[in-house]
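Each remark here refers to the structure printed beneath this line.
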Ligand SMILES: Cc1ncc(COP(=O)(O)O)c(C=O)c1O
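Right, dumping it as structure tokens:
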């Protein structure tokens, strides 16, 4: 049932199985990516070195760059490798803000201060915006989402119209990591563009499940990371449209077009690119398979727990195919998670734990949910190793687990 033995890269025999329903947190490496990374780890050479070993490593990096560019509809020169999604988001948000500010000061104009972002962004974006507001002169502006977690273009247009020249950048995720809501990125990017404002999108969750094209989206910057679609943790990229030049966050050797410093991790980059190519080759077929499994998962949960509330958009094109997110009235999400874990079922709560105390999910709160609904929620996310057996195991276990979690909460 959907558990990969990392040594043989084959599903494990049934007695060792866990039901892994947390692919949005991280998904097992694809065997092709694991093989490529393992081979590359045995090679020597810094891609910046001029000798033969260095040039060989450089070729690996540049071929990988071409693959990533092709998969995500970008030019190779637009791909800046990073250590993952968090770094790419920090570089986009802080770097674009600083670049806009520097450009304005260079013209002796008042620098734009407003950073527009939805309130449901991942913490890598959310906290970067907060940081700019706390440490720099930025003014944070949280864009509202509807009760399904979607930002409507009219809301962005209204926020920009308040003071178009004062907006430094707009950042809106392509798809939300908790409730799977897909945003109208192309329309949002067009609005920013009409007003001459750089637009960044965090496409970390969308990249492995939806046809994500940087060029067609009209975005100026886009974040992707490998470990959400079968690559290794620690390799990602910020795609930057031609002429878009954020101020670096990391200073040093200037390896990535002077925008990002640090020795390039050729093994991880190669595995990231291989995973992207394999994923892209079967994405549509896989998305259809996951959507079917996801719909059955929703049906089984609703049958076992009739008062469970599905959060986020209805199953359909507006929702990531591998995502189901429920609130279970009268339960604490953490307790329910541990009860399911004891049965070998792995999922996640939307709530973050701060100093041992469960905090309500900022995503559900932004969607208008009350604290109880937010705290009693769980995310089930499917991926390339998911099977019908996984869904059936959850369907068989959820009813009793919810009853026990409710008794514990009384
Ligand atoms: C939407 C989103 N953005 C950014 C990240 C961070 O990516 P990474 O784990 O590669 O730093 C995640 C990871 O959970 C995510 O879901």
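In our numbering, the protein residues as written are 1 to 410. Beta carbons are placed, not taken as given, at the ideal position from N, Cα and C, and that holds for glycine. Every value quoted in this text rests on a predicted model; they were computed, and no experiment measured them.
DSSP-derived helix/strand/coil call for residue i
{"i": "residue 260", "result": "strand"}
{"i": "residue 197", "result": "coil"}
{"i": "residue 359", "result": "strand"}
{"i": "residue 29", "result": "coil"}
{"i": "residue 248", "result": "coil"}
{"i": "residue 328", "result": "coil"}
{"i": "residue 225", "result": "strand"}
{"i": "residue 169", "result": "strand"}
{"i": "residue 236", "result": "strand"}
{"i": "residue 142", "result": "strand"}
{"i": "residue 50", "result": "coil"}
{"i": "residue 185", "result": "helix"}
{"i": "residue 118", "result": "strand"}
{"i": "residue 349", "result": "strand"}
{"i": "residue 283", "result": "helix"}
{"i": "residue 310", "result": "strand"}
{"i": "residue 82", "result": "strand"}
{"i": "residue 13", "result": "Legend: pLDDT at residue 13 = 39, less than 50; position of this residue unreliable, no value from coordinates given."}
{"i": "residue 378", "result": "strand"}
{"i": "residue 315", "result": "coil"}
{"i": "residue 207", "result": "coil"}
{"i": "residue 35", "result": "helix"}
{"i": "residue 400", "result": "helix"}
{"i": "residue 19", "result": "strand"}
{"i": "residue 202", "result": "strand"}
{"i": "residue 8", "result": "The predicted model places residue 8 with a pLDDT of 47, which falls under 50 and marks its position as unreliable, so this point remains unresolved."}
{"i": "residue 299", "result": "helix"}
Cβ pair residue i, residue j closer than 8 Å
{"i": "residue 100", "j": "residue 169", "result": "yes"}
{"i": "residue 85", "j": "residue 236", "result": "yes"}
{"i": "residue 45", "j": "residue 54", "result": "yes"}
{"i": "residue 204", "j": "residue 318", "result": "no"}
{"i": "residue 374", "j": "residue 382", "result": "no"}
{"i": "residue 209", "j": "residue 320", "result": "yes"}
{"i": "residue 276", "j": "residue 68", "result": "yes"}
{"i": "residue 178", "j": "residue 325", "result": "yes"}
{"i": "residue 113", "j": "residue 166", "result": "yes"}
{"i": "residue 185", "j": "residue 219", "result": "yes"}
{"i": "residue 188", "j": "residue 153", "result": "yes"}
{"i": "residue 36", "j": "residue 274", "result": "yes"}
{"i": "residue 278", "j": "residue 30", "result": "yes"}
{"i": "residue 215", "j": "residue 396", "result": "no"}
{"i": "residue 293", "j": "residue 388", "result": "yes"}
{"i": "residue 411", "j": "residue 327", "result": "The shown model of the chain, from 1 to 410, leaves out residue 411, and the question about it has no answer."}
{"i": "residue 269", "j": "residue 64", "result": "yes"}
{"i": "residue 18", "j": "residue 346", "result": "yes"}
Minimum C-alpha distance to residue i - residue among the options
{"i": "residue 233", "options": "18, 21, 27", "result": "27"}
{"i": "residue 255", "options": "35, 36, 53, 61", "result": "61"}
{"i": "residue 89", "options": "292, 201, 227, 301", "result": "201"}
{"i": "residue 38", "options": "392, 271, 131", "result": "271"}
{"i": "residue 416", "options": "281, 314, 31", "result": "A question about residue 416 goes unanswered here, because the residues of the chain that appear run from 1 up to 410."}
{"i": "residue 192", "options": "146, 130, 135, 115", "result": "115"}
{"i": "residue 98", "options": "371, 131, 77, 215", "result": "131"}
{"i": "residue 20", "options": "322, 371, 362, 361", "result": "322"}
{"i": "residue 248", "options": "22, 94, 217, 103", "result": "94"}
{"i": "residue 266", "options": "48, 128, 76", "result": "48"}
{"i": "residue 369", "options": "128, 145, 104, 23", "result": "145"}
{"i": "residue 423", "options": "135, 331, 261", "result": "For the chain, the structure presents residues 1 to 410; residue 423 sits outside this window and is missing."}
{"i": "residue 123", "options": "388, 83, 363", "result": "363"}
{"i": "residue 195", "options": "367, 161, 226, 228", "result": "161"}
{"i": "residue 143", "options": "129, 134, 343", "result": "129"}
{"i": "residue 391", "options": "51, 372, 344", "result": "344"}
{"i": "residue 289", "options": "316, 51, 213", "result": "316"}
{"i": "residue 385", "options": "133, 108, 287, 59", "result": "287"}
{"i": "residue 404", "options": "342, 82, 107", "result": "342"}
{"i": "residue 400", "options": "388, 360, 52, 303", "result": "303"}
{"i": "residue 301", "options": "197, 398, 264", "result": "398"}
{"i": "residue 77", "options": "371, 299, 259, 338", "result": "259"}
{"i": "residue 423", "options": "280, 83, 102, 283", "result": "Absent from the model: residue 423. The displayed extent of the chain is 1 to 410, so no value can be given."}
Whole-number beta carbon distance between residue j and residue i, since they are thought to touch under 8 Å
{"i": "residue 329", "j": "residue 91", "result": "About 41 Å separates the two Cβ atoms, so there is no contact after all."}
{"i": "residue 33", "j": "residue 230", "result": "6 Å"}
{"i": "residue 175", "j": "residue 206", "result": "4 Å"}
{"i": "residue 140", "j": "residue 173", "result": "Not a contact, Cβ separation roughly 16 Å."}
{"i": "residue 378", "j": "residue 336", "result": "6 Å"}
{"i": "residue 224", "j": "residue 72", "result": "6 Å"}
{"i": "residue 376", "j": "residue 333", "result": "5 Å"}
{"i": "residue 96", "j": "residue 118", "result": "About 16 Å; that fails the 8 Å criterion."}
{"i": "residue 239", "j": "residue 79", "result": "6 Å"}
{"i": "residue 127", "j": "residue 348", "result": "Actually they do not touch by this definition, with Cβ atoms about 19 Å apart."}
{"i": "residue 297", "j": "residue 380", "result": "6 Å"}
{"i": "residue 250", "j": "residue 257", "result": "That belief does not hold up - the Cβ atoms of residue 250 and residue 257 are roughly 13 Å apart, past 8 Å."}
Cβ of residue i within 8 Å of any chain D Cβ
{"i": "residue 168", "result": "Absence of chain D from the displayed structure is noted, only one protein chain being present."}
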